[in-house]
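Notes follow once the structure below has been shown.
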Amino acid sequence: MSTSEPKEVAQAEKKVAAVLDKLENDTQSDVSRIALEDVVDTNAQTGRPEILKAVDIQVKSRPTRQWSRSP
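Terminal number for the sequence shown in our numbering: 71, no gaps in between.
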């Protein structure tokens, strides 16, 4: 975090990090990519198209660890 960054940005980063950490723990995977994208959707009230933000998260499975036992 830079010193000129607003505290709201720092708080948002902490919230996103917590969500990603929970996702990794719940799915036993690692987040490999996260991107913010513009998507076009239809406004339910007006019926007109509008541009919204969407988050694309990709995860990579963690290898399962099998410990061998020595006799």
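Every residue, glycine too, gets a C-beta built ideally from N, C-alpha and C.
Everything numeric in this text was worked out from a predicted model, so none of it was measured.
Integer-rounded CB distance, given that residue j should sit under 8 angstroms from residue i
i            : j            : result
glutamate 37 : aspartate 30 : About 21 angstroms; that fails the 8 angstroms criterion.
For residue i, the residue or residues it bridges with in DSSP
i          : result
proline 49 : Thr42
leucine 72 : Residue coverage of the chain in this structure runs from 1 to 71, which leaves residue 72 outside it and unanswerable.
Nearest residue (CA-CA) to residue i, options the options
i             : options                : result
proline 49    : Lys14, Ala35 and Val40 : Val40
isoleucine 51 : Gln58, Leu20 and Thr42 : Thr42
Where residue i falls: helix, strand or coil (DSSP)
i            : result
glutamine 28 : coil
methionine 1 : With a pLDDT of only 49 at methionine 1, under the threshold of 50, the placement of this residue in the model should not be trusted; the figure read from the coordinates follows. Methionine 1 falls in the coil class under three-state DSSP.
Test: residue i CB closer than 8 angstroms to a CB of chain B
i          : result
leucine 52 : Looking at the structure shown, chain B is missing, and only one protein chain is on hand.
Alpha carbon of residue i to alpha carbon of residue j, nearest angstrom
i             : j            : result
lysine 15     : glutamate 5  : 16 angstroms
isoleucine 57 : alanine 44   : 26 angstroms
glutamate 35  : alanine 18   : Here the sequence assigns alanine to residue 35, which means glutamate is not the residue at that position. Spanning the two alpha carbons is a distance of roughly 17 angstroms.
aspartate 21  : threonine 27 : 10 angstroms
serine 32     : proline 63   : 14 angstroms
glycine 47    : valine 55    : 23 angstroms
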